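Structure, as C-alpha cells:
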Amino acid sequence: MAENPTFTICLMAIFFITRLASTLGKSKPWTGFLPPQIQTLDFARNLHVEPDAIKSVSSDYGNIVHENPAAVLYPSSIEDIRSLIKFSYNNYTPFTVAARGHGHSVGGQAMASNGVVVDMMSLRNHKNGTGITVSKCPSLGFYADVGGEQLWIDVLHSTMEHGFAPVSWTDYLYLSVGGTLSNAGISGTTFRYGPQISNVYEMDVVTGKGELVTCSSHTNSELFYAVLGGLGQFGIITRARIALEPAPKRVKWMRMLYSDFSAFTRDQERLISINGRKQKNALDYLEGSLLMAQGPPNNWRSSFFPSSDIPKIMSLVTQHAIIYCLEVAKYYDEGTRHTVDKDLQQLFKGLSFAAGFKYEKDVSFVDFLNRVRSGEQKLHSQGLWDVPHPWLNLFLPKSRILDFNKGVFHDLVLKRNITTGVVLFYPMNRKKWDDKMSAVIPEEDIFYTVGFLHSSGFNDWQAYDHQNKDILKFCDKAGIEIKQYLPRYSSNKEWINHFGSKWRNFRERKAQFDPKMMLSPGQRIFNDM
C-alpha cells in the first residue's frame, strides 16, 4: 500500500503540537516575548518566568534603573548559555540576552528588557561551571583558570591556598570575574600592575552567534581584545586565565592628609612614577580621596582613622573645606619585614602632607584586600546597602585636574553641599593599559580616576543624579576630555564620542561577533539606535 504523504505530514504536525502542548502544560505560565519553541529545548528546564525570578534580576546595585526580562536562565552548564544564544541567533526574531554576575552594575547595564537574563551565579552551584584551578606552565608561570561566574573573593582564597594571588584587584571583591573583565577592573593597584584586563592570558567566550571560542593574544586575538573592556557587547566570558604571583603575607597601610591640592597630586604622581613590577621599592597600592564636612572621615569603605583623632581631622576639614587623603600600601613577607619600614621612609622623603596627620596600620594581605567587606556588612545590618547608588566614575586627563578641582570640587560639589559619600581621586599610568582592548581612557600618559560613590534615599537620588549631570556639563563646557568608567549614555552620538578613534573598530567587532546585536542591551550602545 502506497504511503499518503499528506497523511504523514498531518501525523507529524499533530505529534509536534501535542508535544509542545504537553510541555506548555507542565511549565510555568509562559511569556509572549519569547518563541514558544524555546520550551522544547534542553536548557528550558533552567528557564524561569516566575515573578520572583523576574524581580531578582530587574534591578541592580544602582537601584535606579528597573527593567523586567521575559525570562531568567539559571544555567547548569556553559552549554546552556551557548544553546540559549544559538537559539536566539537562529530565530527569525532574535531576543536579547544579558549576563548578570553579582548584580553590581549601577545603571541597568546587565538588564535585558523583554529578553533573557543569564544568572551566571547559578554556575557556581554546578560542577559544570569552570570553578577555580591553579596551574603552572614554563611560558606563563603560575596562573588560575577561573570561571566567569566566580567572585574575586573566592579567587583570592583559592589561589592563596597555593601561596599565590592575582596582582590587580578591585576595591570590592564580591564582584564576578566576567563582570570586572567586561569593564576593566581598577583600584589602587592599577598604577603598577595595570587594570585586571591587563592580567589575563586567555579566555573562553560564548559569542553572539552562540559559538564557544577560546581566545588569547595569539589565538582569535580580535575576540580577545574586543571582550576585554568590551562592556559585554561581543560575548559572555565563561573562563579567564589570570596571571598569578607569589602572595605576600602582610601589608603596611597608610593614610596622609593634605590641605593643598597641588601638593597632594604632585606627591601622588611622584609615587606612581616608581611602577615597575620588579621594582622592590615601589608601592603596591595608591589611591586618594576627599574629606568634606558633609561626610565623616571614616566611611563604609574602611574605618581607618582612630576615633580619638576624628575631632582634630574635622577641625582641619572645617578650616580648609576640603582635605585630600593620600592612601598607600606596601606588601611584605618574612623576607622583607626587616626592610619594609626603611623602604617606606625613603619613599616618603620630601612628601608634603600636613604635619601630624600620617596614620598607619599593619594588617594581613587578605584583610587589606577585603577591607570593604566589613563596611558592607554594617550597611546591610542597618538596611542601608540596598538603596539607590547614583554613582559617577570618570577618567580625567592630568593636564586638567586643576580646572576640575576648582570647577567641580569647589564651585559645584562644595556649594551643593549634598555629597556625603566617598569621593575618590587618584592617578594611573597609561602605559599599563593595552590600547588594543576595548576599554577607553584619556590620551595622556598620566590620567586620574574620579569616583563619586553616592548613596541616597529612594526619594532624593535625583539630586545626586542632577549633580552628576552638571559635572558632565561643566567638563563639556570647559573642554575637559573626560571618559566615563562604567559609562552610561543615552544616545548614539554620546557613545561615538566616548569611543572616539576606537568607535569604528568597536562597531566592526560588534558586526563580527554579535551581528544581530543581541548581547548586553542594557548598555544601550546599539540597541537604542
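Numbered according to mature numbering (1 follows the signal peptide of the UniProt record, and there is no 0), the sequence shown spans residues -25 to -1, 1 to 504. All residues carry an ideal CB built from backbone N, CA and C; glycine is no exception. These numbers were taken from a predicted model, which means no experiment stands behind them.
query = By the 10 Å Cβ neighbour count, where 16 or more other Cβ atoms means buried, how is TYR233 classified, buried or exposed?
reply = Position 258 of the sequence shown, counting from 1, holds the residue named residue 233. Classification of TYR233: buried, given that the 10 Å Cβ count is 16 or more.
Checklist entry - Under 7 angstroms, do HIS23 and SER33 count as touching if we go by C-beta distance? => result As a working note, residue 23 is residue 48 in the sequence shown. As a working note, residue 33 is residue 58 in the sequence shown. No, these two residues do not count as a Cβ contact at 7 angstroms.
So what does DSSP say about LEU261, is it helix, strand or coil? As a first step, residue 261 is located in the sequence shown; it is residue number 286 there, counting from the start. If DSSP states are grouped into helix, strand and coil, LEU261 belongs with the strands.
| said: Which of the three DSSP states is assigned to ALA46 in this structure? | reply: Position 71 of the sequence shown holds residue 46. ALA46 falls in the strand class under three-state DSSP.
| request: Give a yes or no on contact between the stretch 204 to 219 and the stretch 136 to 146, applying the rule of three or more CB pairs nearer than 8 angstroms. | output: yes
- request: Would you mind reading off the limits of the beta strand (DSSP E) that contains GLY210?
  value: As a position in the sequence shown, residue 210 is number 235, starting the count at 1. Looking at the DSSP string, the run of the beta strand (DSSP E) that includes GLY210 is 210 to 218.
Practice task
State the DSSP-derived secondary structure class of ASN368, mapped to helix, strand or coil.
Solution key: Position 393 of the sequence shown holds residue 368. Strand.
Give me the Cβ distance between GLY90 and VAL72, rounded to the nearest whole Å; I'm assuming they're in contact under 8 angstroms. Taking the sequence shown and counting its residues from 1, one reaches residue 90 at position 115. Taking the sequence shown and counting its residues from 1, one reaches residue 72 at position 97. So it is a contact: roughly 6 angstroms between Cβ atoms.
*Have a look at the DSSP bridge pairing and note the partners of ASN404.*
Against the sequence shown, residue 404 aligns to sequence position 429. BP columns for ASN404 point to ILE421.
On a Cα-Cα basis, can you pick out the residue from LEU389, GLY122, MET412 and VAL388 that is closest to LEU198? As a first step, residue 198 must be located in the sequence shown, where it is residue number 223. Checked all of LEU389, GLY122, MET412 and VAL388; the closest Cα to LEU198 is MET412.
Next item on the list: Evaluate contact between the stretch 91 to 99 and the stretch 288 to 306, counting only Cβ atoms and requiring at least three cross-stretch pairs below 8 angstroms.
Entry: no
Item to check | Proximity of ILE457 and LEU371 at Cβ, strictly below 7 angstroms | outcome: One-based indexing of the sequence shown puts residue 457 at position 482. One-based indexing of the sequence shown puts residue 371 at position 396. Result yes, Cβ atoms of ILE457 and LEU371 sit closer than 7 angstroms.
Cutoff 7 angstroms; reference residue 505; Cβ partners in own chain excluding five residues on either side:
No statement about residue 505 is possible, as the shown extent of the chain runs from -25 to 504 and does not include it.
Review point. For the 8 angstroms Cβ check, are there 3 or more pairs between the stretch 391 to 398 and the stretch 426 to 435?
Key: yes
C-beta contact flag for HIS364 and VAL81 at 7 angstroms = As a working mapping, residue 364 is identified with position 389 in the sequence shown. As a working mapping, residue 81 is identified with position 106 in the sequence shown. It is a contact, given that the beta carbons lie within the stated cut-off.
Environment of SER434 [buried if 16+ CB atoms lie within 10 Å]: The count along the sequence shown starts at 1 and reaches residue 434 at position 459. The identity of residue 434 in the sequence shown is Asn, whereas the question assumes Ser. Per the 10 Å Cβ criterion, exposed.
- Message: Within the continuous alpha helix (DSSP H) that includes PHE110, where are the two ends?
- Response: One-based indexing of the sequence shown puts residue 110 at position 135. Per the sequence presented here, residue 110 reads as Ser, with Phe not at that position. Here SER110 belongs to no alpha helix (DSSP H); instead the beta strand (DSSP E) covers 107 to 112.
message = Quick check on the burial criterion: 16 or more other C-beta atoms within 10 angstroms. Buried or exposed for ALA(-5)?
response = Counted from its first residue, the sequence shown places residue -5 at position 21. Because the pLDDT of ALA(-5) is 44, which lies under 50, any placement of that residue in the model is unreliable, and the question is left without a value.
For this session: Could you have a look at ALA238 and say whether DSSP puts it in helix, strand or coil?
Result: Translated into positions along the sequence shown, residue 238 becomes position 263. Residue state, collapsed to three classes: helix.
Considering GLY350, what are the terminal residues of the alpha helix (DSSP H) in which it resides? Here residue 350 corresponds to residue number 375 of the sequence shown, with the count starting at 1. First-last of the alpha helix (DSSP H) with GLY350: 348 to 356.
Assuming THR293 and ALA268 are in contact, meaning their beta carbons sit under 8 angstroms apart, how far apart are those beta carbons, in whole angstroms? Taking the sequence shown and counting its residues from 1, one reaches residue 293 at position 318. Taking the sequence shown and counting its residues from 1, one reaches residue 268 at position 293. Between ALA268 and THR293 the Cβ distance is about 6 angstroms, and since that is below 8 angstroms, they are a contact.
By a C-beta neighbour count over all protein chains shown, 10 Å radius and 16 as the cutoff for buried, is ILE172 buried or exposed?
Position 197 of the sequence shown, counted from the start, is the residue given in the question as residue 172. Label assigned to ILE172: buried.
message = For ASP179, count the other beta carbons within 10 Å of its own beta carbon; 16 or more makes it buried, fewer makes it exposed. Which is it?
response = Residue numbering aside, residue 179 sits at position 204 when the sequence shown is read from its first letter. That one is buried.
Exercise for the section: Return the CA-CA distance between VAL362 and GLN254, expressed in angstroms with no decimal places. Expected result: Counting from one through the sequence shown, the residue named residue 362 turns up at place 387. Counting from one through the sequence shown, the residue named residue 254 turns up at place 279. Cα-Cα distance, rounded: 42 angstroms.
Assign ASP35 to one of three DSSP states: helix, strand, or coil. The residue labelled residue 35 in the question sits at position 60 within the sequence shown. In the structure shown, ASP35 sits in coil (DSSP, three-state: anything other than H, G, I, E or B).
- Three-state secondary structure assigned by DSSP to GLU177: On the sequence shown, position 202 is the one that residue 177 refers to. It is a strand residue.
ask   = Residues in its own chain within less than 8 angstroms of ALA222 by CB, not counting five upstream and five downstream?
value = Stepping through the sequence shown from its first residue, residue 222 is reached at position 247. Here the set comprises THR134, MET135, GLY138, PHE139, ALA140 and PHE340.
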